[in-house]
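Asker: Before anything else, here's the structure in question.
There are 2 protein chains.
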Amino acid sequence: MPMSSSNRVPVPTLGRLATYLRVLTELEQAHTETVSSADVEQQTGINAAQFRKDLSYFGEFGKPGVGYSVARLQESIAAILKIDRRQPVVLVGAGNLGSALIGYPGLTEHQMDLVAVFDNNPQRIGCQVRNLYVQDIQRFATVNETLQARIAILAVPAGAAQRVAEVLVAADVRAILNFAPTLLRLPAAVVVRNVSFMQELAVLSYHVSSNEQEENGEEQAGEQNNSVRPILHST
Amino acid sequence: MPMSSSNRVPVPTLGRLATYLRVLTELEQAHTETVSSADVEQQTGINAAQFRKDLSYFGEFGKPGVGYSVARLQESIAAILKIDRRQPVVLVGAGNLGSALIGYPGLTEHQMDLVAVFDNNPQRIGCQVRNLYVQDIQRFATVNETLQARIAILAVPAGAAQRVAEVLVAADVRAILNFAPTLLRLPAAVVVRNVSFMQELAVLSYHVSSNEQEENGEEQAGEQNNSVRPILHST
DNA sequence: ATAACTGTGTGAAAGGTTGCACAATCTAGT
DNA sequence: ACTAGATTGTGCAACCTTTCACACAGTTAT
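So the sequence lines, in the order shown, correspond to chains D and V.
The first sequence finishes on residue 252 if you use the working numbering, and the numbering steps up by one all the way, no holes.
The second sequence finishes on residue 252 if you use the working numbering, and the numbering steps up by one all the way, no holes.
So this is what it looks like as structure tokens:
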């Protein structure tokens, strides 16, 4: 007997749902019918109880003593994440990274329909990348009136990010995947996720040098490690 | 009088250090000499106390009543993150994403020296990307004996990731930035950071549709939002 | 000197997330 | 039917992270 109502869903849970979905797709391709939370732990490194709790935010999907129907769970999670229908997405910034993202298979796999690419560089405007022509960012408001994209991928230089983001939001974009290393100041209703290679590299760099003396052979499985010994101490 | 010794540093702290460093570089270019934790909050959206606590893991860097010397703090953080010297980094996977990363300016800015690119696709081996020639991954062990890279960027398809990661680790790589959507099972001593656009997009997608009815104009500043109302409830 | 500010470093509180442990529930075999 | 075995959904405790709040330390002005 479920009772979820207006409880709030942790953001990490949403991220993990995407991981579950990936595993379910693999299982489906292997013609597996049923899966248990323990199986999922085995595949993802995410604790079985965590998996069950993540799902419990949205209802009850499993049968005690049996597990979860792969096909059913897949549909349910897709519905939760709203990727059961194709979603229009726009890309702004057709530089290195932007162009690479156009071909990224993960987008279509997750029903993200890249419908337009924008840039402000006259050298790039009009160019064809994959199956899309790069358009002038100045035309964004007009074009998006037709496209109605609510999700945008922002792959412009840091200096331009805030300005461009405001243009997007003015044209009804509600969610931004931001690759620029800057803080975007936007209305609270707009959701921003920052992808920062910098930060990840910092973590790696720190660890590499601090692990200098350790030596053991355990397996690691979790998606994120938690903390490490500091090494430097300066004043 | 500091007393940090073998306390453990939270991973989020390391990520934020990279952000502070970015802001400090901007401040230096604007010829600002001194900065307070409140200034940093203004620039980054990260709570001032958080900033001070993050630094406190490594020592004392500020003067009460004055703030922090921009130049000094910059050096200190760079030293903590071990990016005060150039670090050799290798890239595996010269596909779309991999190629884009070769040109990514953030790498050099953070003293990451991309010294070699590998792939297993014969069509790509030998090709020049920017200033590097793509080498056969089979030669990795040999080549890295000379290069001595400890950090690797893994931008190969999911199916190849585990296999390649093991090759890297066998050749003394200790930290991997993994762009493949798979769980890497590696010795615990190896640090893995996963970058998953999928997960970020899932969060965006979920939010876009759930925000359907809201309407308010507050500013958002933090780097991460925390939770949201669920909308779906299925069985 | 002293008073009035400003801003650091940190102990303690608040808040959020993860993992354990177990009752409840379903299946299958006898 | 009944028992044994499997596996879910969840209250609770442990853990981790963030934020508050304040003592203490420099700085400036009088």
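All residues carry an ideal CB built from backbone N, CA and C; glycine is no exception.
Keep in mind that this is a model prediction, so the values were computed, not measured.
1) Looking only at its own chain, which residues have a Cβ that is under 7 Å from the Cβ of residue 197 of chain D, when we skip the five neighbours before and after it?
2) If the cut-off is 8 Å on Cβ atoms, which residues from the region 174-199 of chain D count as contacting chain V, listed in chain order?
3) Helix, strand or coil for residue 223 of chain D? Go by DSSP, reduced to three states.
4) If we count the other Cβ atoms within 10 Å of its Cβ and call it buried at 16 or more, is residue 99 of chain V buried or exposed?
5) Is it right to say residue 150 of chain D is buried, meaning 16 or more other beta carbons lie within 10 angstroms of its own, or is it exposed?
6) Taking only beta carbons into account, state which residues of the region 107-119 of chain V come closer than 9 Å to chain D, listed in chain order.
7) Any chance you could list the beta strand (DSSP E) runs of at least 3 consecutive residues sitting entirely within the region 81-126 of chain V, in chain order?
8) In the DSSP assignment, find the alpha helix (DSSP H) that holds residue 141 of chain V and state where it starts and stops.
9) Would residue 113 of chain D and residue 121 of chain V be called neighbours here (beta carbons separated by less than 9 Å)?
10) Could you pull the start and end residues of the alpha helix (DSSP H) that residue 155 of chain D belongs to?
11) Since residue 209 of chain V is in the beta strand (DSSP E), which residue starts that stretch and which ends it?
12) Assuming residue 216 of chain V and residue 35 of chain D form a contact by the criterion Cβ under 8 Å, report the distance between their Cβ atoms to the nearest whole angstrom.
13) Nearest chain V C-beta to residue 155 of chain D closer than 9 Å, yes or no?
14) Does the region 218-226 of chain D come close enough to the region 191-210 of chain V to have 3 or more Cβ pairs within less than 8 Å?
15) How close, in whole Å, do the beta carbons of residue 90 of chain V and residue 31 of chain V come, if the pair is a contact with beta carbons under 8 Å?
16) Within 10 Å of its beta-carbon, does residue 143 of chain V have 16 or more other beta-carbons around it, so buried, or fewer, so exposed?
17) In or out: residue 104 of chain D buried (at least 16 other Cβ within 10 Å) or exposed?
18) Counting only C-beta atoms, is residue 38 of chain D closer than 9 Å to chain V at any point?
19) Shorter than 9 Å from the beta carbon of residue 226 of chain V to some beta carbon of chain D?
20) Are any of the Cβ atoms in chain V nearer than 9 Å to that of residue 253 of chain D?
21) Do residue 51 of chain D and residue 86 of chain D have their CB atoms nearer than 9 Å?
22) Would you say residue 28 of chain V reaches chain D, if we count a Cβ-Cβ gap shorter than 9 Å as a contact?
23) May I ask you to list, following chain order, the residues of the region 199-210 of chain D that have a beta carbon less than 9 Å from some beta carbon of chain V?
24) Mind checking who residue 189 of chain D pairs with in its DSSP beta bridge?
25) In three-state terms, what does DSSP make of residue 72 of chain V?
26) How many Å lie between residue 139 of chain D and residue 153 of chain D at the Cα?
27) Using 8 Å for Cβ pairs, my map puts residue 157 of chain D next to residue 184 of chain D. What's the rounded Cβ distance?
28) Taking residue 218 of chain D as the query, report the chain V residues whose CB atoms sit under 7 Å from its CB, ordered along the chain.
29) If you follow the alpha helix (DSSP H) that residue 35 of chain D is in, where does it begin and where does it stop?
30) Taking only three categories from DSSP, how would you classify residue 197 of chain D?
31) Just to make sure I have the definition right: I need the residues of chain V whose C-beta is within less than 9 Å of the C-beta of residue 82 of chain D. Which are they?
32) Check for me: the beta strand (DSSP E) holding residue 169 of chain V runs from which residue to which?
33) Does any residue of chain V have a CB that is nearer than 9 Å to the CB of residue 61 of chain D?
Answerer: Well, looking at it:
1) Excluding sequence neighbours, residue 197 of chain D sits near 171, 173, 174, 175 and 178.
2) With the criterion set as a beta carbon lying under 8 Å from some beta carbon of chain V, the members of the region 174-199 of chain D are 191, 192, 193, 194 and 198, in sequence order.
3) In the three-state scheme derived from DSSP, where H, G and I count as helix and E and B as strand, residue 223 of chain D is classed as helix.
4) By the neighbour-count rule (16 or more Cβ atoms within 10 Å), residue 99 of chain V is buried.
5) When all chains shown are included, residue 150 of chain D counts as exposed.
6) Residues passing the 9 Å Cβ filter: 112, 113, 114, 115, 116, 117, 118 and 119.
7) Here the runs fully enclosed are 84-86 and 104-109.
8) The continuous stretches of alpha helix (DSSP H) do not include residue 141 of chain V, and DSSP gives it neither H nor E.
9) Yes, the pair counts as a contact, with Cβ atoms nearer than the cut-off.
10) Per DSSP, residue 155 of chain D belongs to no alpha helix (DSSP H) and is neither H nor E.
11) Note, residue 209 of chain V: beta strand (DSSP E), 208-211.
12) Residue 35 of chain D and residue 216 of chain V do touch by the CB rule: their CB atoms are close to 5 Å apart, below 8 Å.
13) Contact with chain V is absent for residue 155 of chain D, since none of that chain's Cβ atoms lies less than 9 Å from the residue's Cβ.
14) Yes: the two stretches touch, three or more of their Cβ pairs being nearer than 8 Å.
15) The pair is not a contact, with the Cβ atoms about 16 Å apart (cut-off 8 Å).
16) Residue 143 of chain V comes out exposed.
17) The residue in question, residue 104 of chain D, is buried, as its Cβ has 16 or more Cβ neighbours within 10 Å.
18) Residue 38 of chain D belongs to the set of residues whose beta carbon lies under 9 Å from a beta carbon in chain V.
19) By this cut-off, residue 226 of chain V is an interface position.
20) Lying outside 18 to 252, the shown extent of chain D, residue 253 of chain D is not represented and no answer is given.
21) With respect to residue 86 of chain D, residue 51 of chain D sits close: the two C-beta atoms are nearer than 9 Å.
22) By this cut-off, residue 28 of chain V is an interface position.
23) Listed in sequence order: 199, 200, 201, 202, 203, 204, 205, 206, 207, 208, 209 and 210.
24) None; residue 189 of chain D has no bridge partner.
25) Here residue 72 of chain V sits in helix by DSSP.
26) In a straight line, the C-alpha of residue 139 of chain D is about 8 Å away from that of residue 153 of chain D.
27) That belief holds up - the Cβ atoms of residue 157 of chain D and residue 184 of chain D are roughly 6 Å apart, short of 8 Å.
28) Near residue 218 of chain D (Cβ distances below 7 Å), the residues of chain V are 127, 129 and 194.
29) Bounds of the alpha helix (DSSP H) holding residue 35 of chain D are 28-46.
30) Coil at residue 197 of chain D, not helix or strand.
31) Under a criterion of Cβ atoms nearer than 9 Å, no residue of chain V is adjacent to residue 82 of chain D; the nearest Cβ is some 17 Å distant.
32) Boundaries of the beta strand (DSSP E) harbouring residue 169 of chain V: 168-171, taken from the DSSP string.
33) A Cβ of chain V is located within less than 9 Å of the beta carbon of residue 61 of chain D.
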